[in-house]
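Each protein sequence line maps, in turn, to chains A and B.
With the working numbering applied, the first sequence has no gaps in its numbers, which climb one by one up to 266 at the end.
With the working numbering applied, the second sequence has no gaps in its numbers, which climb one by one up to 1414 at the end.
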Amino acid sequence: MLNPISAAFVKAKQEKRPALLTYTVAGDSSKKQSLNILKSISKNADILEIGVPHNTPVADGSQIQTSAYRAIKNGIKVKDIFKIVKDFKKFDKNKPVILMGYYNMIFQYGENKFLNKCNLSGVNGLIVVDLPWPENKDFAKKCKKKSIYFIQLLSPTTTKIRLKKIIKDSHPMNYFISMLSTTGGKLKVSPKEIIKNYIKIKKINPKKKVVIGFGITEKTIDKLKSADGLVVGSAICKEISRSLKHRQNPVTNVSKLVTKLKSKIL
Amino acid sequence: MKIKKKIPLIDQASKLGFWGGKFGGNYVPETLKKPIEDLEVLFNKLKNDKKFIAERDKYFKNWIGVPTRFIKLENLTKHVGGAQIWSKVVSDANGGAHKVYNATVHCLLAKRSGKKVICGDTGAGYAGKMLSMAAKKFGLKCKIFMGAKDIARQQPNVKAMKKNGAEVVPVYSGSKTLVDAVSECMRFWVANCDTSAMCVGSTVGPAVFVRICGWSTSQISRELKVQLIDEFGSIPKKLKLYNCVGGGSSSFGFWNEFMDYDKKQCEFIGVEAGGPAKSKKHAAPLTYGSKIGILHGAAQYVNQNSDGQIEETESISAGLDYPGISPLHCFLKDTKRARYTAASDEQALEAYKLVTRFEKLRPSLEPSHAFAIAISESKKLSKDTVVVVNSCGDAYKDRGILEKRLGKKYVKSN
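Next comes the structure, spelled out in structure tokens:
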């Protein structure tokens, strides 16, 4: 069976648009609410990235940090995250889910046990922010055996030789970090420049899907729509924070935001 | 797991940066891979370059003022009535602490790589103060990340940084201490690695930073070795080197040149921060058996919960208030080359009182932890045992805390 992640790219391509990937933090602001958010956005998002909150996130900007700290404060544990995925999959079993987090959480859980749990709950892919290539080679192989995509991150600082090596070892999906920034930074390079770099990566192996993330908002998303997929994370986390501050319902507000994002890439 | 002889410990890491196969490494975002690799190439070249070493030594001598004193604490020795207690007064160094060695080397490297800005983290404020001094000296723009809690409790050093023209960025996330400052500094570097150099303030972080810092602070033991031979004619038969351990930069530097000696002749004792006597929180991952985890790019023993969230620490000394520990010390612990123990806040304060009562020496709260254990163990040791405590920081920065905890006379009397 085709990994639902690949299926989502096929569908988006048929509809002549990039896949829309959303990122929300598991347990933000509560277990129940984060599940409800996933359910409410799944009709518009093609792939759901779910953040595994960590309290020392060295690559995240303030929006995602705020979401992660809020989730941890409200008691989220790794086991709850698998439960959220499992419950979500009961609601929409074909929607691909990617867990994104830091390696220490997997390391403490145990790599094999973590992957088994991924299989049992229906996780389709993993992004581990601080486990770069070649350090991730063994773990990526383990993922492959479990039919889970290990998604490699590529950055503007990644050299051409390194890009080639990483892509050679990579699974069908890769993630291009648009600029030198933590998550949620202001887009400091032009979308044109980002697409130029993206094309360079695509040329190395056109078959591998490449999504672009970091700094994408409703204002910038339409200028990047020639990519295979686009990830919006911090803008959503910010919307949750804003809703909570104004005592509004984050579920409806996030759902509206994702609908709007989707309309911009059609 | 074994330590190799005749090879500097900093060079005993594997190709991927692991000591003993499991401590250290480079658990970093992809964006930092290239800048870290560039720094590795530069450092590996320069650390054996005679011209570069001469340049380093020139600044160490003329600007930092090495060698720092090695003195016998006669009165304290008499009072304790056991081993001879000596001190290596590293706080003599320009700026008042050992952090100046690492800061200077990082600025020299930054200059070589053409970077205009240098960013750094700080806990007690010494790493930040020294980096701001060195940055000013070498004409670099300087940005220091410091936890909001530490900014409040280490004001003299904050003032010094600002006076040196550095921008001090308060960090409000998490526990608002060193751990959060290091994270925020790494985030800044992720976003600015094309124009900025990063200085990690201790022997922590991705492997190359552990190595650079260890290489820099080893100046301490190079001097001590000469000073011991001058004083005793040879390295004493019973030598014990006590040092506080937070991230582990001063202790590693204090021990490095003695690594190949048998531990029966030359024992290393690392003293971690045990925190308040009545609190369960501490900053002593080695003493209290914390599990291996990943923090700030390296695998190490680290205070964490079963899920892998890093736990908050507590210590009276901002410089030791860190949940992790250098991979070098994890390696020294597991190979049993060094012994680690902890002193509580109260023990450190008592030691500070005792040292300042008997000697013209004013160790900051960090080395006061080492003095606490050195004094209590010295009582039971023979007179021919030479105990050396690294007084790696000066207490000027702690005057606010000391006045509050011990009263005005302990601040004024010195």
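All C-beta atoms in this analysis are idealised placements derived from N, C-alpha and C, irrespective of residue type, glycine included.
Does residue i come within less than 9 Å of chain B when only Cβ atoms are used?
{"i": "A59/A", "result": "yes"}
{"i": "R162/A", "result": "yes"}
{"i": "T157/A", "result": "yes"}
{"i": "D87/A", "result": "no"}
{"i": "L180/A", "result": "yes"}
{"i": "N124/A", "result": "no"}
{"i": "Y69/A", "result": "yes"}
{"i": "F150/A", "result": "no"}
Around the C-beta of residue i, are 16 or more other C-beta atoms found within 10 angstroms, so that it is buried, or is it exposed?
{"i": "D1204/B", "result": "In the sequence as presented, Asp is not what sits at residue 1204/B; that position holds Val. That one is buried."}
{"i": "T1287/B", "result": "buried"}
{"i": "N112/A", "result": "exposed"}
{"i": "G1021/B", "result": "exposed"}
{"i": "A1054/B", "result": "exposed"}
{"i": "Y1172/B", "result": "exposed"}
{"i": "M1133/B", "result": "buried"}
{"i": "F1000/B", "result": "Absent from the model: residue 1000/B. The displayed extent of chain B is 1001 to 1414, so no value can be given."}
{"i": "G94/A", "result": "What sits at residue 94/A in the sequence shown is Asn, not Gly. That one is exposed."}
{"i": "L266/A", "result": "exposed"}
Are the C-beta of residue i and some C-beta of chain A separated by less than 9 Å?
{"i": "Q1309/B", "result": "yes"}
{"i": "P1029/B", "result": "yes"}
{"i": "K1281/B", "result": "no"}
{"i": "A1127/B", "result": "no"}
{"i": "A1318/B", "result": "no"}
{"i": "D1121/B", "result": "no"}
{"i": "C1199/B", "result": "no"}
{"i": "L1042/B", "result": "no"}
{"i": "K1033/B", "result": "yes"}
{"i": "K1291/B", "result": "yes"}
{"i": "I1294/B", "result": "yes"}
{"i": "N1026/B", "result": "yes"}
{"i": "L1228/B", "result": "no"}
{"i": "V1190/B", "result": "yes"}
{"i": "L1039/B", "result": "no"}
{"i": "G1020/B", "result": "no"}
{"i": "L1016/B", "result": "yes"}
Short of 7 Å in beta carbon distance, which residues of its chain neighbour residue i, apart from the five on each side in sequence? Order them along the chain.
{"i": "A1342/B", "result": "V1271, E1272, A1273, G1274, H1282, A1284 and T1287"}
{"i": "P1035/B", "result": "C1193"}
{"i": "I240/A", "result": "D28, S29, S67, P250 and V254"}
{"i": "N1414/B", "result": "Caution is warranted here: a pLDDT of 44 is assigned to N1414/B, below 50, making its placement in the model unreliable, and the coordinate value is therefore given only provisionally. Cβ neighbours of N1414/B beyond the five flanking positions: T1356 and R1362."}
{"i": "V1415/B", "result": "Coverage of chain B is limited to positions 1001 through 1414, which leaves residue 1415/B absent and any answer about it impossible."}
{"i": "K1333/B", "result": "L1286 and Y1340"}
{"i": "Q1155/B", "result": "G1400"}
Quick one: what's got a C-beta closer than 8 Å to residue i's C-beta in the same chain, skipping five residues either side?
{"i": "Y109/A", "result": "V78 and K117"}
{"i": "L948/B", "result": "This structure cannot speak to residue 948/B, because chain B is shown only from 1001 to 1414."}
{"i": "I81/A", "result": "A26, G27, I50, V52 and L99"}
Here's a check: name, in chain order, each residue in its chain whose Cβ is nearer than 6 Å to the Cβ of residue i, leaving out the five neighbours to either side.
{"i": "S1249/B", "result": "S1202, T1203, C1213 and T1217"}
{"i": "D1092/B", "result": "T1068 and R1069"}
{"i": "A71/A", "result": "V25, G27, D28 and P53"}
{"i": "N1062/B", "result": "none"}
{"i": "A1197/B", "result": "A1110, K1115 and I1118"}
{"i": "D46/A", "result": "A8, A12, A19 and L20"}
Is the separation between the beta-carbon of residue i and that of residue j shorter than 9 Å?
{"i": "G1293/B", "j": "N1026/B", "result": "no"}
{"i": "P1029/B", "j": "L153/A", "result": "yes"}
{"i": "V97/A", "j": "K90/A", "result": "no"}
{"i": "K83/A", "j": "S42/A", "result": "no"}
{"i": "K1393/B", "j": "G1319/B", "result": "Looking at the sequence itself, residue 1393/B is Gly, so the reference to Lys does not match. Yes; because the gap between Cβ atoms is below 9 Å, this pair is in contact."}
{"i": "Q215/A", "j": "L21/A", "result": "It should be noted that the sequence gives Gly, not Gln, for residue 215/A. The answer is no: Cβ separation not under 9 Å."}
{"i": "I1010/B", "j": "W1215/B", "result": "yes"}
{"i": "L1239/B", "j": "T1385/B", "result": "yes"}
{"i": "A965/B", "j": "S1317/B", "result": "An answer regarding residue 965/B cannot be provided, because it is not within the stretch 1001 to 1414 covered by chain B."}
{"i": "D169/A", "j": "A59/A", "result": "no"}
{"i": "A235/A", "j": "I212/A", "result": "no"}
{"i": "K1116/B", "j": "K1141/B", "result": "yes"}
{"i": "P1276/B", "j": "E1167/B", "result": "no"}
{"i": "V1388/B", "j": "K1088/B", "result": "yes"}
{"i": "F1252/B", "j": "M1001/B", "result": "no"}
What residues of chain C sit near residue i, judged by a beta carbon separation below 9 Å?
{"i": "G185/A", "result": "This model lacks chain C altogether, as its protein chains are A and B."}
### Task
Could you tell me which uninterrupted alpha helix (DSSP H) segments, each at least 4 residues in length, are contained entirely in the segment 72-112 of chain A, listed from first to last along the chain?
78-91 and 103-109
### Task
May I have a chain-ordered list of the alpha helix (DSSP H) segments no shorter than 4 residues that lie completely inside the segment 123-151 of chain A?
137-145
### Query
Taking the runs of the alpha helix (DSSP H) that are 4 residues or longer, which of them lie wholly in the segment 188-217 of chain A?
191-204
### Task
May I have a chain-ordered list of the alpha helix (DSSP H) segments no shorter than 4 residues that lie completely inside the segment 1363-1404 of chain B?
1365-1378
### Message
List, from N- to C-terminal side, the alpha helix (DSSP H) runs of 4 residues or more that fit wholly inside the segment 1112-1143 of chain B.
### Response
1126-1138
### Minimum length 4: unbroken alpha helix (DSSP H) runs contained in the segment 1044-1113 of chain B
1050-1059, 1074-1080 and 1099-1112
### Query
What alpha helix (DSSP H) runs, 4 residues minimum, are completely inside the segment 1245-1316 of chain B?
1249-1255
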